[in-house]
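Numbering (this note's numbering), first residue to last: 173 to 759. Just so you know, even glycine gets a beta-carbon here, dropped at the ideal spot from N, CA and C. The structure presented is a predicted model; accordingly, all values stated were derived computationally and were not measured.
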């Protein structure tokens, strides 16, 4: 550094203005920081830059750096200085200084986005500018910058590049306020920003529809990246906006627009927007709806389900993935992942209330067949998603079966009314290693083993808890109930007709679970280098073990739902294995 034209330490001289000479010196120091050969040079530059950043007025140099430096790394450094000032000094700065900084960054961001960012490094710089602007917005909006959202919406119509970046800004603000707000904002500020965004959201929604409608009218004139960014924004907005925007017709340009229909009819089939469109639908089906809203929007959900099923019927067979060129394979794997998340969440949240109520068994079978096809592909992430749903699905059926048993024997109310007495007898019975005996005489359950349904109630297993994901019950507690109730397959179908509805689907799930069962922890072994003996591996693949536990639990549920079918399938698969060579059998 001693050979530089200027003394590096002059950068820290507060008495010298930050002029062209100092800027050139700063460029040289930043370049020294990136020197991969000379560690001493790097360390000296790093120390000098840290000291300059901590100077009281270093932030005043940022405008000069951004306007006149030709080194993009120096510009990044300038934005870091500004970010430090915003986070630590903003509230003590004079109002005119804050206003000047705010206007400069806003104008610079618009200028840079207007020019377009085809070069990767320019995109990174624009991203950093956006982050800096959002930090200012969180400080100033809405009290000192109430027009921020109208300003963003209005400037978006300058050109498509500005529009795309402005959509990104609106999305970033949404994430900061609604997703990361719990970590970065105090409660009062967080609520204030959320309420303000919600109150001005109509302007944002109009902009989204303006962009989408422009693409529908003239696809060639609209940048695909702008449409993608708009769909990304919508998928995040759907998490918190009022339900009326999503499920009701919205008046836009004298037309009634239903956003769900718009997405399915104009963007789902376009390969450029497939993933982003699926994510939008995914966020909708993941919404938690109370009973009142679910009833109110029931027809919209039925329409959504129908459209979704019709769309997946025309998707390419996943088994043809091997014929897809490598450059498209990643895309389709990601697409199928998002589809699996979308479908399984719809089934988790609305299978009983919407899907079965629609009473279209063909659609239900089509979706489960599609999931079965995906689960037997070689896409690991997709498999994990589907297996997780299979576990939830079979547990819901087990809960319902137990609830139906309780209901059929009309014991629930009796147990509640005499809870204390029953619990005492139950405790005594358990101490004697036997259940509290109540005969199961009705509903075709003669000559069955007996068990206390009061135990179900005390465990929270009953009709009121069917499908309740918040109720955590160990698999052993299900087993302790069902093992003491000897039910044939015919009994189960009579007691719980829904199990009969899903009989063929459950067979497909059994086959998938058995054929693709993950490795249990017990078989993880290694060789001891010192003794040469085979020993247990105490550092197994935790992901594999977690998957095994999920699949094992699911298989237990499936066995209770149809032990005869499970045994038949296992025998069938064992017979196939026995026909293979000894080498394959011992794999």
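Looking at residue j and residue i, is the spacing between their C-beta atoms short of 8 Å?
i: residue 376; j: residue 342; result: yes
i: residue 286; j: residue 339; result: no
i: residue 254; j: residue 234; result: yes
i: residue 252; j: residue 225; result: yes
i: residue 469; j: residue 520; result: no
i: residue 725; j: residue 475; result: no
i: residue 450; j: residue 511; result: yes
i: residue 301; j: residue 321; result: no
i: residue 345; j: residue 404; result: no
i: residue 543; j: residue 515; result: yes
i: residue 258; j: residue 211; result: no
i: residue 456; j: residue 418; result: yes
i: residue 465; j: residue 415; result: yes
Just verifying my parser: in three-state terms, what is the DSSP assignment at residue i?
i: residue 282; result: helix
i: residue 697; result: strand
i: residue 423; result: strand
i: residue 688; result: coil
i: residue 508; result: helix
i: residue 413; result: coil
i: residue 548; result: coil
i: residue 442; result: coil
i: residue 266; result: coil
i: residue 313; result: coil
i: residue 328; result: coil
i: residue 234; result: helix
i: residue 496; result: coil
i: residue 767; result: The chain is shown only over 173 to 759; residue 767 falls outside these bounds and no answer can be derived.
i: residue 723; result: helix
i: residue 640; result: Legend: pLDDT at residue 640 = 42, less than 50; position of this residue unreliable, no value from coordinates given.
i: residue 180; result: helix
i: residue 187; result: coil
i: residue 304; result: helix
i: residue 633; result: Low confidence applies to residue 633: its pLDDT is 43, below 50, so where it sits in the model is not reliable, and the reading given next is rough at best. Looking at residue 633 - three-state DSSP - the assignment turns out to be coil, as it is neither helix nor strand.
i: residue 529; result: coil
i: residue 668; result: coil
Per DSSP, which residues does residue i bridge with? Please list them.
i: residue 429; result: 422
Measure the alpha-carbon distance for residue i versus residue j and round it to whole angstroms.
i: residue 359; j: residue 367; result: 12 Å
i: residue 355; j: residue 547; result: 37 Å
i: residue 661; j: residue 667; result: 10 Å
i: residue 671; j: residue 729; result: 12 Å
i: residue 329; j: residue 335; result: 6 Å
i: residue 248; j: residue 218; result: 14 Å
i: residue 594; j: residue 733; result: Confidence at residue 594 is low in this model, with a pLDDT of 46, below 50, so the placement of that residue should be treated as unreliable; the coordinate-derived value is given next. Each residue's Cα considered, the two are about 28 Å apart.
i: residue 628; j: residue 574; result: No answer about residue 628 holds up, because its pLDDT of 42 lies below 50 and its placement is not dependable.
i: residue 517; j: residue 454; result: 8 Å
i: residue 452; j: residue 220; result: 47 Å
i: residue 500; j: residue 365; result: 41 Å
i: residue 145; j: residue 715; result: Outside the modelled stretch of the chain, which goes from 173 to 759, sits residue 145, for which no answer is possible.
i: residue 199; j: residue 190; result: 13 Å
i: residue 387; j: residue 434; result: 12 Å
i: residue 513; j: residue 431; result: 20 Å
i: residue 186; j: residue 425; result: 57 Å
i: residue 705; j: residue 651; result: 38 Å
i: residue 569; j: residue 409; result: 34 Å
Regarding residue i and the ligand GTP, is the C-beta to nearest heavy atom distance less than 7 Å?
i: residue 283; result: Absent from the structure shown: the ligand GTP. Ligands present: none.
Measuring CA to CA, which of the options is closest to residue i?
i: residue 389; options: 569, 439, 418, 420; result: 439
i: residue 485; options: 491, 436, 535, 457; result: 535
i: residue 698; options: 647, 335, 707; result: 707
i: residue 231; options: 434, 199, 265; result: 265
i: residue 567; options: 678, 684, 413; result: 678
i: residue 489; options: 507, 700, 477, 499; result: 507
i: residue 493; options: 549, 735, 365; result: 549
i: residue 482; options: 499, 517, 441; result: 441
i: residue 263; options: 303, 275, 241, 308; result: 308
i: residue 653; options: 577, 515, 675, 691; result: 577
i: residue 467; options: 361, 362, 525, 421; result: 525
i: residue 463; options: 504, 444, 522; result: 522
i: residue 558; options: 304, 722, 395; result: 722
i: residue 446; options: 193, 319, 504; result: 504
i: residue 685; options: 545, 425, 702, 196; result: 545
i: residue 487; options: 498, 459, 538, 250; result: 538
i: residue 664; options: 580, 648, 491; result: 580
i: residue 382; options: 350, 479, 423; result: 423
i: residue 316; options: 533, 458, 275, 288; result: 275
i: residue 192; options: 206, 239, 411; result: 239
Output yes if chain B places a C-beta closer than 8 Å to the C-beta of residue i; else output no.
i: residue 299; result: Of the protein chains in the structure, only one exists, and it is not chain B.
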